[in-house]
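>
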DNA sequence: TTTCGTTGTTCTTGTGTTAGTATAACGCCA
DNA sequence: TGGCGTTATACTAACACAAGAACAACGAAA
């Protein structure tokens, strides 16, 4: 029996940012392309696109800069705000998970 | 911008118990009836039933005792194991939420 | 000017989940 | 015995969500 946890940010009840968008952003950063990131994650392009732009609308600022055209077709790149957000969320959720897992051990050690 | 968190227990990846089943069990305990609890939560009886029995199957022990027939039609009542589980989960998740919210303030105070 | 792989956008299709319905069994009481 | 409000279970309809297709725009290079 194992604990799993999830953390996400909301603005008046609406989901704004969480694990899924965070992973997607990291993959976009690594691959330089929303298309490639979506394919690697077995996610449709349109789904990936709507995740990113839904988060942008909710947050009120851009997470990716895009470029279309050119030899390589273009690509997507994280804004500095997105990089900061990803870093903060990752560090936070890592530590939160550890904390919560310790607490779980305390409360459920004799279950 | 507010943090929301969710915690649930799993057995080899499968969800076993979490917030939803916990609330449902509390309502069953309070109302003495799965039917009444489901109606109060705007949930179909069949959905409520499958939540409870799915959790029982995954956990390997009974969470509710049921009685059908009689003047009042019967009802559902929590087993001692269910009461213990609900209490542990509630205390755990309350403290976990507080901890995680404090941590969130630290990491996101200047966002 | 053509080719290419992106982004951006809309629409249709399929799938999985949930609600809702139907039906039987139960047991106390009038 | 008949009525009632439960539990228990199966089946069907409706809805939400995701996949995927389709198509235009873009811009660098051949």
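Protein chains in written order, with my numbering: chain W, 38 to 148; chain D, 38 to 148.
Quick reminder that beta carbons are idealized off the backbone N, C-alpha and C, glycines included.
These numbers come from a predicted model, not from an experiment.
Taking the C-alpha atoms as reference points, what is the distance between residue 84 of chain W and residue 59 of chain W?
14 Å
> May I have the straight-line CA-CA distance separating residue 133 of chain D from residue 39 of chain D, to the nearest angstrom?
16 Å
> What's the gap between the Cα of residue 61 of chain D and the Cα of residue 74 of chain D?
Each residue's alpha carbon lies about 7 Å from the other.
> Are the CB atoms of residue 129 of chain D and residue 42 of chain W within a distance shorter than 8 Å?
no
> Contact defined as beta carbons within less than 8 Å: I believe residue 113 of chain D pairs with residue 101 of chain D. What is the distance between those atoms, to the nearest angstrom?
5 Å
> What are the boundary residues of the alpha helix (DSSP H) that residue 84 of chain W is part of?
82–96
> Taking the beta strand (DSSP E) that residue 145 of chain W falls in, what are its first and last residues?
That residue, residue 145 of chain W, is in no beta strand (DSSP E); its alpha helix (DSSP H) goes 117–145.
> Provide the residue span of the alpha helix (DSSP H) that contains residue 108 of chain D, from first to last.
Per DSSP, residue 108 of chain D belongs to no alpha helix (DSSP H) and is neither H nor E.
> List, in chain order, every chain D residue whose beta-carbon is nearer than 8 Å to that of residue 128 of chain W.
144
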